[in-house]
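Colleague: These protein sequences, in sequence, are chains A and B.
In terms of this note's numbering, the first sequence opens at residue 15 and continues consecutively.
In terms of this note's numbering, the second sequence opens at residue 15 and continues consecutively.
A virtual CB, placed ideally from N, CA and C, is assigned to each residue, including glycine.
2 protein chains.
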Amino acid sequence: MEALAQVAGLLADSTRAAICGALLDGRAWTARELAAHAGVAASTASEHLTRLVEGGLLVEHRQGRHRYVALAGPHVAELLEAMAAFAGPRVPPRGLRAAAVSEAMARGRTCYDHLAGRLGVALKVGLVAAGVLRTGTAGVGNGDLATADLAASDLTITEPGMVWLKELGFEPGNRRLTRPCLDWTERVPHLAGAAGAFLCEVFLDRGWIRRIGTSRAVLLTPEGEQAWKDLGLT
Amino acid sequence: MEALAQVAGLLADSTRAAICGALLDGRAWTARELAAHAGVAASTASEHLTRLVEGGLLVEHRQGRHRYVALAGPHVAELLEAMAAFAGPRVPPRGLRAAAVSEAMARGRTCYDHLAGRLGVALKVGLVAAGVLRTGTAGVGNGDLATADLAASDLTITEPGMVWLKELGFEPGNRRLTRPCLDWTERVPHLAGAAGAFLCEVFLDRGWIRRIGTSRAVLLTPEGEQAWKDLGLT
DNA sequence: TGGACGGTTCGGCGCCGGCCGAAGCGTCCC
DNA sequence: GGGACGCTTCGGCCGGCGCCGAACCGTCCA
Chain A
15 MEALAQVAGL
25 LADSTRAAIC
35 GALLDGRAWT
45 ARELAAHAGV
55 AASTASEHLT
65 RLVEGGLLVE
75 HRQGRHRYVA
85 LAGPHVAELL
95 EAMAAFAGPR
105 VPPRGLRAAA
115 VSEAMARGRT
125 CYDHLAGRLG
135 VALKVGLVAA
145 GVLRTGTAGV
155 GNGDLATADL
165 AASDLTITEP
175 GMVWLKELGF
185 EPGNRRLTRP
195 CLDWTERVPH
205 LAGAAGAFLC
215 EVFLDRGWIR
225 RIGTSRAVLL
235 TPEGEQAWKD
245 LGLT
Chain B
15 MEALAQVAGL
25 LADSTRAAIC
35 GALLDGRAWT
45 ARELAAHAGV
55 AASTASEHLT
65 RLVEGGLLVE
75 HRQGRHRYVA
85 LAGPHVAELL
95 EAMAAFAGPR
105 VPPRGLRAAA
115 VSEAMARGRT
125 CYDHLAGRLG
135 VALKVGLVAA
145 GVLRTGTAGV
155 GNGDLATADL
165 AASDLTITEP
175 GMVWLKELGF
185 EPGNRRLTRP
195 CLDWTERVPH
205 LAGAAGAFLC
215 EVFLDRGWIR
225 RIGTSRAVLL
235 TPEGEQAWKD
245 LGLT
């Protein structure tokens with residue numbers, strides 16, 4: 015448990031947590047960007063980054079006078095998601111600008127390497143309806159749909175679904191295919207794992223979604239809406 | 015991310031982490047027991063317990079002059095497991111007595127409400143072989159069995175498997191049926207979730223396993239070995 | 001009605017860790 | 001070469017937190 019306390023200690027500081035939260039977009043940030051984002055001096059951020067890298071949460075990549083850092087991998091993102099989900103639903107932010115940003119994030123965003131927000135949830139629901147995914151709460155349940163939906167977090171890919179994915183260019187690797195990721199804003203699981211990352215990549219590569227500015231928020235483009243229909247999603 | 019830092023802060027202290035680790039056996043402990051286990055004064059433990067309860071990690075149950083505390087639920091156990099698994103494999107303990115305890119734990123133990131250790135892994139493997147469980151890394155893979163096995167962490171219950179479980183008395187509820195839980199000692203996923211908890215209960219109720227002293231370590235009884243065969247496991 | 005016992009509250013101590021600014025180092029670009 | 005820039009190192013400050021023992025409160029038992 016000593017080791018657990020150590021990694022928890024890395025995340026126990028609000029500045030370091032803010033840094034990790036920013037990196038959840040899956041991209042590499044420079045030390046200065048993160049310092050500004052967290053609202054601390056560059057020297058302070060530098061020390062935090064060193065600790066996070068030494069702790070194995072982040073990897074760094076030095077390029078000229080820049081120090082880029084990123085999450086060390088999907089396992090770190092999963093850990094952060096698990097903790098954030100546990101920390102529970104947050105109160106909605108106040109203020110016009112904050113609300114606008116929050117609304118864009120709630121509509122659709124990237125969550126490390128896959129899609130989240132209402133867009134992410136819609137994608138999962140569409141894939142289930144199209145028979146690509148199957149949610150695995152096989153039990154008869156007790157009729158309580160609200161809680162049953164929350165618990166319905168076993169996602170598996172059907173055989174036709176795998177064919178569909180491979181036609182899009184998907185190649186299964188060692189990484190776990192599907193993983194439910196509890197959505198912060200929607201409180202509903204959406205699709206993560208190798209398949210989720212692949213679909214997010216496809217959507218970005220083909221211009222079906224576009225990042226809003228440099229934030230994690232994304233927007234479904236008109237081409238994306240068309241493709242959505244072409245793929246047989248609702 | 016502020017909330018994440020807060021819950022991380024609860025686990026960032028080695029004494030509190032030790033307390034949570036002890037409670038991972040799924041039972042309720044008194045404040046005094048936990049103080050002794052963590053090696054701190056009763057007053058110190060009392061304050062820690064208050065903080066953990068207020069933070070939602072623990073629930074308490076006052077009975078006479080005793081204060082029993084336990085993990086607030088499976089979701090807390092899952093969080094702890096995720097963090098412990100992330101923290102990585104530990105060096106083997108030194109010393110005869112420590113090694114003996116460690117060996118018993120590695121052989122078989124409870125992990126909150128399900129079975130872990132070699133026994134837990136054997137159970138999972140047996141269930142897969144018997145067709146009750148299916149591991150879902152559906153891809154053709156790349157032939158790398160070692161890593162493929164680690165990634166093969168999608169566990170689903172087959173239709174015949176569900177019939178088999180129901181014959182044992184299993185009733186599906188809202189809780190997620192299966193969940194892979196990365197084993198600390200074996201570094202291989204085993205069966206958690208509602209089905210894992212149910213099987214652990216069955217094994218304990220029917221005397222197929224027995225706790226060693228008051229620790230989390232468990233032993234397969236002769237009746238258990240017989241039942242193991244009767245159930246068609248290997 | 002005592003005494004033993006589990007738990008809690010409170011003061012006080014000491015340390016650890018986060019923060020900053022200043023100074024220094026390496027890189028890039030004019 | 002010189003200046004701008006990104007980053008790091010180093011002191012020093014300060015607050016917070018974990019720890020303990022002593023005193024206290026309730027419960028249980030003889």
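In or out: E16 of chain A buried (at least 16 other Cβ within 10 Å) or exposed?
Modeller: Flag for E16 of chain A reads exposed.
Colleague: Once you ignore the five residues that flank A55 of chain B on each side, which residues in its own chain have a CB closer than 7 Å to its CB?
Modeller: Counting only Cβ-Cβ distances below 7 Å, and skipping sequence neighbours, we find A49.
Colleague: Identify each residue in the region 59–90 of chain B for which the Cβ-Cβ distance to at least one residue of chain A is less than 7 Å, and report them in chain order.
Modeller: So the list reads H89, given in the order they occur along the chain.
Colleague: Can you find a CB in chain A that lies within less than 8 Å of the CB of T192 of chain B?
Modeller: Answer yes: the Cβ-Cβ gap between T192 of chain B and chain A drops below 8 Å somewhere.
Colleague: Quick check on the DSSP output: what are the complete beta strand (DSSP E) runs of length 3 or more inside the region 174–221 of chain A, in order along the chain?
Modeller: The qualifying runs are 193–196, 203–206.
Colleague: Mind checking if A98 of chain A is an interface residue toward chain B, Cβ cutoff 8 Å exclusive?
Modeller: Closer than 8 Å: yes.
Colleague: Alpha carbon to alpha carbon, what distance is there between L218 of chain A and D244 of chain A?
Modeller: C-alpha separation (whole angstroms): 17 Å.
Colleague: For L129 of chain A, decide whether its Cβ has a neighbour in chain B, counting only Cβ atoms nearer than 8 Å.
Modeller: By this cut-off, L129 of chain A is not an interface position.
Colleague: Within the chosen definition, does the region 140–149 of chain B reach the region 227–240 of chain B through at least 3 CB pairs nearer than 8 Å?
Modeller: No: fewer than three Cβ pairs fall under 8 Å.
Colleague: L137 of chain A to L205 of chain B, Cα distance in whole Å?
Modeller: C-alpha separation (whole angstroms): 29 Å.
Colleague: Taking a contact to mean a Cβ-Cβ separation below 8 Å, would you say A19 of chain B touches A26 of chain A in this structure?
Modeller: Cβ distance < 8 Å, so A19 of chain B and A26 of chain A count as in contact.
Colleague: Would you say A22 of chain B reaches chain A, if we count a Cβ-Cβ gap shorter than 8 Å as a contact?
Modeller: So, interface residue.
Colleague: How would you list, in chain order, the residues of chain A whose beta-carbon sits under 9 Å from the beta-carbon of M119 of chain B?
Modeller: Simply none; closest approach about 13 Å.
Colleague: Thinking C-alpha only, which one of B:V202, B:G183, B:G227, B:P236 is nearest E215 of chain B?
Modeller: Considering only alpha carbons, the answer is B:G183.
Colleague: Are there 16 or more other CB atoms within 10 angstroms of the CB of T192 of chain B, so buried, or fewer, so exposed?
Modeller: Label assigned to T192 of chain B: buried.
Colleague: Taking Cβ-Cβ distances shorter than 9 Å, what residues in chain A pair up with G35 of chain B?
Modeller: Here the neighbours are M15, L18.
Colleague: For S60 of chain B, tell me which candidate among B:P186, B:G35, B:P88, B:T29 has the shortest Cα-Cα distance.
Modeller: It is B:T29 whose Cα lies nearest to the Cα of S60 of chain B.
Colleague: Leaving out five residues before and five after G238 of chain A in sequence, what residues of the same chain have Cβ atoms less than 6 Å from its Cβ?
Modeller: Excluding residues within five positions, the ones whose Cβ falls inside 6 Å are W222, I223.
Colleague: Where R46 of chain B and A22 of chain B are concerned, what is the direct C-alpha to C-alpha distance, given to the nearest angstrom?
Modeller: Between R46 of chain B and A22 of chain B, the C-alpha separation is close to 24 Å.
Colleague: Chain B beta carbons: is any one of them nearer than 8 Å to that of L25 of chain A?
Modeller: Closer than 8 Å: yes.
Colleague: From the beta carbon of L93 of chain B, is the nearest beta carbon of chain A less than 8 Å away?
Modeller: Yes, L93 of chain B lies at the interface with chain A (some Cβ there is under 8 Å from its Cβ).
Colleague: Work out the CA separation of W242 of chain B and H89 of chain A for me, nearest whole Å.
Modeller: Distance between the alpha carbons of H89 of chain A and W242 of chain B: 35 Å.
Colleague: Give a yes or no on whether 8 Å exceeds the smallest Cβ distance from L170 of chain A to chain B.
Modeller: Inspection of the sequence shows that residue 170 of chain A is occupied by Thr rather than by Leu. Chain B, which has a Cβ nearer than 8 Å to the Cβ of T170 of chain A, makes this yes.
Colleague: Checking contacts by CB at 8 Å: is S116 of chain A closer than that to chain B?
Modeller: Judged by the 8 Å Cβ criterion, S116 of chain A is not in contact with chain B.
Colleague: Alpha carbon to alpha carbon, what distance is there between R225 of chain B and G122 of chain B?
Modeller: The straight-line gap from Cα to Cα measures roughly 10 Å.
Colleague: Output the distance between the C-alpha atoms of M97 of chain B and M119 of chain A, rounded to the nearest integer angstrom.
Modeller: Rounded to the nearest angstrom, the two C-alpha atoms are 27 Å apart.
Colleague: Which bits of chain A does S229 of chain B rub up against, with CB to CB less than 7 Å?
Modeller: Within 7 Å Cβ-Cβ: nothing; S229 of chain B doesn't reach chain A, min ~15 Å.
Colleague: In chain order, what residues of the same chain have a beta carbon less than 6 Å from the beta carbon of A211 of chain A, not counting five sequence neighbours either side?
Modeller: D127, H128.
Colleague: Does any residue of chain B bring its CB to less than 8 Å from the CB of A206 of chain A?
Modeller: No, its Cβ sits nowhere closer than 8 Å to a Cβ of chain B.
Colleague: So is T58 of chain B buried or exposed if we call it buried at 16+ other beta carbons inside 10 Å?
Modeller: Exposed, by the Cβ-count rule.
Colleague: Rounded to the nearest angstrom, what separates R190 of chain A and G207 of chain A at their Cα positions?
Modeller: Whole-angstrom Cα-Cα distance: 6 Å.
Colleague: Which residues bound the alpha helix (DSSP H) around L63 of chain A?
Modeller: Here the alpha helix (DSSP H) through L63 of chain A covers 56–68.
Colleague: Check the Cβ of A7 of chain A against every Cβ in chain B and list those closer than 9 Å, keeping chain order.
Modeller: As displayed, chain A neither begins before 15 nor continues past 248, which places residue 7 of chain A out of reach and without an answer.
Colleague: In the DSSP assignment, the alpha helix (DSSP H) including V21 of chain A goes from what residue to what residue?
Modeller: Taken as a continuous stretch (DSSP letters only), the alpha helix (DSSP H) holding V21 of chain A covers 16–25.
Colleague: Beta strand (DSSP E) containing V232 of chain A: first to last residue?
Modeller: Residues 232–234.
Colleague: Have a look at R132 of chain B and T170 of chain B and give me their C-alpha separation to the nearest angstrom.
Modeller: Spanning the two alpha carbons is a distance of roughly 20 Å.
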